[in-house]
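Engineer: Its first residue numbered 655, the sequence shown is counted upward by one per residue in the working numbering.
I'd like to ask some things about the structure below.
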Amino acid sequence: MVIVHNVFRLKFGKAREAVSLMKEAVAIQKRLGVDVGQRLLTDLTGPFYTLILELTLPNLAAMETTLANVMGDKEFHANYEKFVPLVESGHREVFNVVE
Numbered sequence: 655m656v657i658v659h660n661v662f663r664l665k666f667g668k669a670r671e672a673v674s675l676m677k678e679a680v681a682i683q684k685r686l687g688v689d690v691g692q693r694l695l696t697d698l699t700g701p702f703y704t705l706i707l708e709l710t711l712p713n714l715a716a717m718e719t720t721l722a723n724v725m726g727d728k729e730f731h732a733n734y735e736k737f738v739p740l741v742e743s744g745h746r747e748v749f750n751v752v753e
């Protein structure tokens, strides 16, 4: 099992809008049949205006398949285009679940 953190550093003052759009993105993914654990996390400490989309997947192959299915969807793409201007930077962290 793997846990993926898609970490987004948001522009100052854009957290509410970004969280709203990310909630819509998660709903779109569910309508597309994406059946993975998903959580949205925001900062309590550390860098301000951090939003993390956490995914729990059985393996890396499932991550690749999920990304391909979602990124090819027009509704998701339209949502993502609204989200991108709110983001300063981002990165992805992938963790192997040991226990």
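The beta-carbon is built from N, C-alpha and C at its ideal position, and this holds for glycine as well.
(1) Could you check what DSSP says for Glu-753 in three-state terms: helix, strand or coil?
(2) By the DSSP assignment, the alpha helix (DSSP H) with Thr-710 in it spans what residues?
(3) Return the CA-CA distance between Pro-712 and Lys-668, expressed in angstroms with no decimal places.
(4) Assuming Gly-691 and Leu-709 form a contact by the criterion Cβ under 8 Å, report the distance between their Cβ atoms to the nearest whole angstrom.
(5) Leu-773 and Val-673: beta carbons closer than 8 Å?
(6) Please state the DSSP three-state secondary structure of Glu-690.
(7) Among the residues of its own chain, which have a CB less than 8 Å from the CB of Gly-744, if the five just before and after it don't count?
(8) Check each candidate in Glu-735, Val-738, Pro-739 and Leu-707 and name the one with the smallest Cα separation from Ile-657.
Structural biologist: Let me lay it out:
(1) coil
(2) Careful: Thr-710 lies outside any alpha helix (DSSP H), inside the beta strand (DSSP E) at 704-711.
(3) 32 Å
(4) 7 Å
(5) Because the chain here runs from 655 to 753, residue 773 falls outside it and cannot be looked at.
(6) Note that residue 690 corresponds to Val in the displayed sequence, not to Glu. The answer is coil: DSSP assigns Val-690 none of H, G, I, E or B.
(7) Asn-660, Val-661, Phe-662 and Arg-663
(8) Leu-707
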